[in-house]
Amino acid sequence: MSDTSAVLPWLVIREDDNGNRYRVGRYATEDEAQRMVTSLDSKGHKQVYWVERIERTTL
C-alpha cells in the first residue's frame, strides 16, 4: 500500500444506474469526503454517492 493510502483514507464512491461502482476521489478526512458527496448530490444526477474508509493493512 502506498503512502497516499495512509494520508487519504476516505473514498467517495459512485454507483450508476446499471450498478457499476467507481471511485470518484480520495480525501484526508471523512468531513471533506462527505462535503464532496453533498456537492455531487446537489447536482441532481441519478447516481448514488457515499463515503468509505480504506482500512490500512500491514504485511
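So in my numbering, the last spot in the sequence shown is 590, and the numbers never skip.
Just so you know, even glycine gets a beta-carbon here, dropped at the ideal spot from N, CA and C.
query	result
According to DSSP, what are the bridge partners of residue 542?	557, 583
To the nearest angstrom, how far is the alpha carbon of residue 580 from that of residue 565?	9 angstroms
Name the DSSP bridge partner or partners of residue 552?	546
Taking the CB atoms as reference points, tell me whether residue 539 and residue 558 lie closer together than 7 angstroms.	yes
Quick one, are the C-beta atoms of residue 541 and residue 584 less than 7 angstroms apart?	yes
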